[in-house]
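Asker: The following block contains the structure, expressed as C-alpha cells.
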Amino acid sequence: MEELPVQEVITSLSDALRSSGRALLSAPPGSGKTTVVPLQLLREPWLHGSILMLEPRRLAARAAASRMAWLSDEKVGQLVGYQVRLDRRVSKATRIEVVTEGILTRRLQQDPELQGVGLVIFDEFHERSLQADLALALCLDVAGSLREDLRLLVMSATLDTLSVSRLLGDAPVISATGKSYPVAVNYLERGPRERKISQEVVRVICQVLQKEEGDILVFLPGAGEIHATQAMLSERLDAEFLIYPLYGNLDSAAQDRAILPDPKGRRRVILATSIAETSLTIEGVKVVVDSGLARQPRFDPNTGLTRLVTLKVSAAAAKQRCGRAGRLGPGVCYRLWTQAVQSRLQPHMQPEILDADLSFLVLELALWGVGDAADLCWLDAPPAGAFAQARDLLQALGALNKEGQITAAGRRMAAVPAHPRLAHMLDKAGHSGQVGLAADLAAILSERDVLRKGPNTLNSVDIEDRLALLQRWRGRGRRELAEFGADVAACARVVSISRQLQKVVNVVAQAAGSPSRTLSPGVLLADAYPDRIARRRGSEQNSYLMSSGRAVGIPEGDSLSGEEYLVIPSLDAGRSEGRAFLAARVTPDQLRRFLGSQITFDSVITWESRSQSVVARKEERLGAIELSVAPLSDPDPAKMRKAMLDGIKSLGIEVLPWGRSVEEWRGRLLSLRHWQPDSFWPDLSDETLSAGLDAWLEPWLQGITRRDHLRKLGLKSILSNGLDWKQRQRMDQLAPTHVQVPSGANKRLGYQPGMSPVLQVRLQEMFGLMDTPRVCDGQVPVTLHLLSPAQRPIQITQDLRGFWERTYQEVRKELKGRYPKHYWPEDPLVAQATTRIRPGRGK
DNA sequence: CTCTCCCT
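Here the working numbering is used: the first residue of the first sequence is 11, the next is one more, and so on.
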C-alpha cells in the first residue's frame with residue numbers, strides 16, 4: 011500500500027477536504043486511488059460519520075470493497091461493505107460503504123440528509139454516466155442546504171478538471187501520477203483495397219502476431235465486426251492461436267474464457283468491444299490493436315426511440331484502450347488511424363446525459379421536488395428536448411400531473427427499480443393481480459436477453475419464448491435449459507430481478523387484489539408502450555408500422571413473422587426502418603378492450619386518385635395504425651363536395667366538361683372583359699377559375715363523387731350564373747354569336763380573348779357591303795377571313811373598304827381564272843351578294 | 001452474421 015503513487019497526495023487531499031469540504035482528485039489508472047483514498051481518509055479526525063463511495067459497475071463495487079477489506083485485514087461487510095442491486099454486505103460496524111449509482115439515488119430519495127455519512131466519493135467520474143451526473147447534482151443540492159458539513163470528493167482518470175472544479179465551487183484540484191508501464195504507439199494507414207474494418211484488422215493482427223509477443227487485445231465497435239473478423243482470422247491462423255470474442259451480450263461463460271490466460275500458454279487474440287476498455291480486465295495482454303471505433307446510443311426525443319451509431323472514439327478513450335497493453339510490462343499499441351486524425355479526435359466522449367432517454371431522471375427529479383432542471387447544478391444540463399419528451403411520457407403514464415408535479419402513482423412508480431414505462435405496467439398489474447407476469451416481462455426487458463443468439467439457436471423476437479424459458483427454469487427443466495438456447499446466467503439474473511420487482515410492487519400497490527382477470531403479455535406491454543403497437547404493412551411479411559408512425563422490421567423467418575399485430579417494447583430505431591429485438595402478439599379486440607381510450611374513430615372523406623372518386627369511410631385508429639375501416643353511412647355532404655373539389659384541383663380544371671359552346675361563350679365574355687376592362691364582366695380565365703374553384707363550383711357538386719359524374723355539370727349555366735338577365739342581354743348585344751352578312755346568311759363569330767373576333771365568309775357573300783362589320787358598340791372591327799368559293803382563304807383584313815379599293819381588282823382576275831363560272835362583278839359595292847355561283851340563278 | 005455499455 012505504501013508504494014502506490016496516490017499516497018504522496020493524501021495529505022494535500024485531506025487538507026483540501028477539511029478546509030473547503032470539496033475536492034477533485036485527478037489520477038490515472040494504476041494510482042491506487044479507489045482503495046487507498048477511502049481507507050486513508052477514514053483515519054482523518056475531521057471526518058464525522060462514514061464514507062459512501064460510488065462505483066459505476068457492480069463488479070467494480072464488489073472488487074473495491076473486498077480489496078479494502080483485505081487490506082484492513084477484515085471480512086467484507088465489517089469495516090468495509092458494499093451494496094449493489096440484489097446484494098448487500100454491510101453491518102453496524104461498516105464505515106466505508108461502496109455502492110453502485112442506482113443505489114445512491116435510491117438512498118438519497120429515502121434519506122436526503124444522508125444521516126451518518128460524512129463523505130461521498132464519486133469514483134471513475136470521467137465516465138459521466140447519467141446516474142453519476144444525477145447523483146452529483148443531488149449531493150450538491152444536499153450539501154448546499156440540508157447538510158453543509160457533507161464533504162464531496164470527485165475522482166477521475168481523465169477529465170476536464172476545470173469545469174468540475176467550478177461545479178464544486180472552485181474546489182482544489184489534486185493530481186497524482188499513475189503506476190503503469192510505457193506503451194509504444196504506432197499509427198497505421200488503411201490499406202488501399204480494405205473496404206471493411208474487419209479486413210484491415212485481420213491484416214494488422216497477422217503482422218503483429220509475427221512481430222510482437224504476448225496476447226493481443228483488439229478493439230472493434232460491435233458484435234457484427236467481431237464475428238466478421240473472427241471468421242476471417244480463423245481461416246488465416248493455425249490452431250495454435252486462440253481467438254475469443256468478447257462483448258456484453260455474450261453469456262458469462264464465454265466472457266470468462268476470454269478474460270483468463272490460456273493454461274497451456276497458447277497465444278490469444280481477444281476481439282472485444284469497448285467492454286474491455288474499463289469494465290473487464292484481460293490478463294496477459296501486451297499488444298492492443300484499436301480500430302478507433304465505438305458504438306453509442308443516440309436517443310431521439312422526437313420518436314422516443316434510441317438507435318446505435320458507430321463513432322470515432324475520443325482521445326481519452328483511445329488512451330484508455332492503449333493503457334490496456336501496459337498493465338504487466340511495457341506494451342505496444344497499434345492505432346488504425348493516422349496522426350492527422352488523432353489530432354482531430356474529440357477530447358472526451360459525449361456525456362450520457364446529452365444523448366439519453368431522460369424519463370427516469372425526470373421522474374427522480376419530480377420525486378426530489380424539482381420540476382425544472384435549472385434548479386440544480388449540472389456539469390451538462392439535461393437537454394430541453396429530451397426533458398420535455400420525458401415529461402410528456404410521464405404525464406401520459408400518470409406519473410406527473412399537468413403542472414409536472416409527481417402524483418401518487420408517480421411515487422409508487424419511482425419506488426420500482428425499472429424504467430418508468432415498466433414501473434407503470436407493474437403498478438397497474440398490482441391492481442389487477444397480475445404482478446407475476448408483469449414482473450417477468452419487466453425483468454426480461456431490463457436485463458440481457460435470456461435467449462442466446464447464434465447460428466443454431468431459435469430465431470425469435472417473441473417475448474413469450476423468453477417467458478417459456480423462465481417457466482422451465484422455475485420448473486424441473488433447468489438442466490436442459492441450455493439446449494433450448496438459454497443463457498443460463500441471464501435466466502438466473504432475470505428470475506431474481508423479477509422476484510425483487512414482485513416484492514416491491516406488492517408492498518407498494520394499494521390493493522394487491524386477487525387475479526381479477528388473466529391478461530396476456532401483449533396487453534400488459536401495450537399499456538406501457540402504446541406508441542409501439544404495430545400492425546403488419548399490407549402484403550409485407552416482416553415489416554410493421556407502429557402507432558407512433560415509425561416503421562419497424564422483424565428478422566426474416568422469425569417465429570412471429572406474419573403476425574398481424576405486435577407490441578414492440580425493444581427495438582433499435584434505425585434510420586428509416588427500425589429493428590425489433592423483443593415483441594409480443596396482441597389482437598385488435600384486446601386493444602379495444604384495454605386501450606379503448608386511445609382509440610379514435612375518424613370519418614375520413616377524401617379524394618382517392620386510384621379510383622378517381624371520393625371515398626367516405628369510418629376509420630378506427632390507434633395513432634398511425636388502422637384497426638378497421640367501414641364505409642361511412644351518412645357522410646357530411648359539405649365534406650363530400652370539398653373532397654370532390656380536392657380531386658378536381660389535383661386533376662386540373664381541364665377535367666370539367668368544356669364543350670365547344672362553353673368555350674365560345676367564355677371567349678365572348680373574356681373578349682368583352684378585355685375591351686371593357688372597367689365594366690362588370692367577370693374574369694373567367696383558367697387561372698382565376700382554378701384559384702376560385704371553392705367559391706364558384708362547390709355549390710354545384712352535390713351528388714357528384716366521381717370523375718365520370720362531372721359530365722353531368724352544366725358548365726355554361728354555372729359560369730353564367732354570375733350574370734343577371736340584363737347583363738346577358740348586354741353580352742348578346744355587344745358580343746353577338748353571329749352577324750348577318752349581305753348574302754343574308756348568319757355567320758358565326760370566332761372570339762379569342764384579347765383579339766378581334768374572326769368572321770369567316772366567302773367573298774361573294776360580302777358584295778355590297780362597304781365597311782367592316784363591328785361589335786362592341788362599334789368599337790371593335792371583326793377580322794374578316796375572306797374565302798374563295800372553295801373555302802380557301804384569300805385575304806385577312808379588318809379594313810373591307812380598303813380591300814375593295816386596293817386589292818379586289820387584282821384578286822378578281824385570279825379568281826376569274828380559277829372559278830370562271832362564278833360571279834365576279836367589276837364593282838363589288840353595287841353587286842348583289844350571293845351564296846351561290848351567281849346571284850339569282852338556281853343551284 | 002444479428003445490439004454499445006451500465007444501473008435501481
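C-beta atoms are modelled at their ideal positions from N, C-alpha and C, and glycine is treated no differently.
For the segment 585-632, list the beta strand (DSSP E) runs that are entirely contained and at least 3 residues long, ordered along the chain.
Answerer: Here the runs fully enclosed are 587-595, 610-618 and 623-632.
Asker: For the putative contact between MET930 and ALA409, defined by C-beta atoms under 8 Å, what is the C-beta separation to the nearest angstrom?
Answerer: Lying outside 11 to 853, the shown extent of the chain, residue 930 is not represented and no answer is given.
Asker: Can you check which of these residues, TYR575, ASP537 and ALA538, is closest to SER553 by C-alpha distance?
Answerer: Of the listed residues, the one whose Cα sits closest to SER553 is TYR575.
Asker: Leaving out the 5 sequence neighbours to the left and right, which residues in its chain are closer than 6 Å to ARG848 when beta-carbon positions are compared?
Answerer: Only TYR833 meet the Cβ criterion.
Asker: Within its chain, find whatever has a CB closer than 6 Å to the CB of GLN481; leave out the 5 residues flanking it on each side and keep chain order.
Answerer: Once the five neighbours on either side are set aside, GLN481 has no close Cβ partner at all.
Asker: Can you round the beta-carbon distance between THR44 and ALA74 to whole angstroms, since I take them to be within the 8 Å contact cut?
Answerer: The Cβ separation is near 5 Å, so the contact holds.
Asker: Can you tell me whether DSSP reads SER307 as helix, strand or coil?
Answerer: Just to set this straight, residue 307 is Pro in the shown sequence, not Ser. Strand.
Asker: With a Cβ-Cβ cutoff of 8 Å, do GLY548 and VAL596 count as a contact?
Answerer: Taking 8 Å as the Cβ cut-off, GLY548 and VAL596 do not qualify as a contacting pair.
Asker: Among LEU511, LEU172 and LEU479, which residue has its Cα nearest to the Cα of CYS501?
Answerer: Minimum Cα distance to CYS501 is reached at LEU479.
Asker: Using the Cα positions of ALA544 and ASP497, report the straight-line distance between them to the nearest angstrom.
Answerer: Going from the Cα of ALA544 to the Cα of ASP497 covers about 28 Å.
Asker: Check GLN801 in the structure and name its three-state DSSP category.
Answerer: GLN801 falls in the coil class under three-state DSSP.
Asker: Whose CA, out of ILE106, TYR257, SER660 and ARG476, lies closest to the CA of VAL504?
Answerer: When only C-alpha atoms are compared, the closest one is ARG476.
Asker: With DSSP run on the structure shown, which of helix, strand or coil describes ASN312?
Answerer: Looking at ASN312 - three-state DSSP - the assignment turns out to be coil, as it is neither helix nor strand.
Asker: Residues in the same chain with beta-carbon distance under 8 Å from GLN352, minus the five sequence neighbours each way, listed in chain order, please.
Answerer: These residues qualify, in order along the chain: TYR197, ALA325, ALA328 and ARG345.
Asker: Quick check: the segment 56-64 against the segment 114-133, are at least 3 beta-carbon pairs closer than 8 Å?
Answerer: Cβ pair count under 8 Å is three or more, so yes.
Asker: Ordered along the chain, which non-local residues of its own chain (more than five positions away) have a Cβ less than 6 Å from that of ILE578?
Answerer: Closer than 6 Å at Cβ, skipping near neighbours: ARG542, ALA544, VAL562, ALA590 and ALA593.
Asker: Grouping DSSP H, G and I as helix and E and B as strand, with all else coil, what is ARG98?
Answerer: Correct three-state label for ARG98: strand.
Asker: Helix, strand or coil: which one does DSSP assign to LEU318?
Answerer: Reduced to three states, the DSSP call for LEU318 is strand.
Asker: Can you tell me whether PHE777 is buried or exposed, with buried defined as 16 or more other CB within 10 angstroms of its CB?
Answerer: Counting Cβ neighbours within 10 Å, PHE777 comes out buried, since at least 16 surround it.
Asker: State buried or exposed for TRP668, treating a residue as buried only when at least 16 other CB atoms are found within 10 Å of its CB.
Answerer: TRP668 should be labelled exposed.
Asker: So does the segment 754-762 actually touch the segment 722-732, counting three or more Cβ pairs closer than 8 Å?
Answerer: No: fewer than three Cβ pairs fall under 8 Å.
Asker: So what does DSSP say about ARG846, is it helix, strand or coil?
Answerer: Here ARG846 sits in coil by DSSP.
Asker: According to DSSP, what are the bridge partners of GLN93?
Answerer: DSSP output for GLN93 lists ARG98 and VAL109 as bridge partner(s).
Asker: In angstroms, rounded to a whole number, what distance separates the CA positions of LEU178 and ALA33?
Answerer: Between LEU178 and ALA33, the C-alpha separation is close to 8 Å.
Asker: Could you have a look at VAL299 and say whether DSSP puts it in helix, strand or coil?
Answerer: Of the three classes helix, strand and coil, the one that applies to VAL299 here is strand, per DSSP.
Asker: Opposite THR793 in the DSSP bridges: which residues?
Answerer: Bridge partners of THR793: VAL768.
Asker: Pick helix, strand or coil for PHE9, following the three-state DSSP scheme.
Answerer: Coverage of the chain is limited to positions 11 through 853, which leaves residue 9 absent and any answer about it impossible.
Asker: Write down the C-beta distance between LEU605 and PRO565 rounded to the nearest angstrom, noting that I regard them as a contact closer than 8 Å.
Answerer: Contact doesn't hold; Cβ gap of about 27 Å is too wide.
Asker: Please classify CYS332 as buried or exposed, where buried requires at least 16 other C-beta atoms within 10 Å of its C-beta.
Answerer: So CYS332 ends up on the buried side.
Asker: Let me make sure I understand the geometry here. Which of GLN50, GLY314 and GLU618 has the alpha-carbon closest to that of GLN17?
Answerer: Answer by Cα proximity: GLN50.
Asker: Please classify SER557 as buried or exposed, where buried requires at least 16 neighbouring CB atoms within 10 angstroms.
Answerer: When all chains shown are included, SER557 counts as buried.
Asker: Name the two residues that bound the continuous alpha helix (DSSP H) containing PHE370.
Answerer: Note, PHE370: alpha helix (DSSP H), 369-378.
Asker: Alpha carbon to alpha carbon, how far is THR288 from TYR257?
Answerer: One C-alpha to the other measures close to 12 Å.
Asker: Secondary structure at ASP133, three-state DSSP: helix, strand or coil?
Answerer: Three-state result, ASP133: coil.
Asker: Since GLY760 is in the beta strand (DSSP E), which residue starts that stretch and which ends it?
Answerer: Start and end: 756-760.
Asker: Cutting at 7 Å between CB atoms, please list the residues of its own chain near ASP809, excluding the five before and the five after it.
Answerer: THR782, listed in sequence order.
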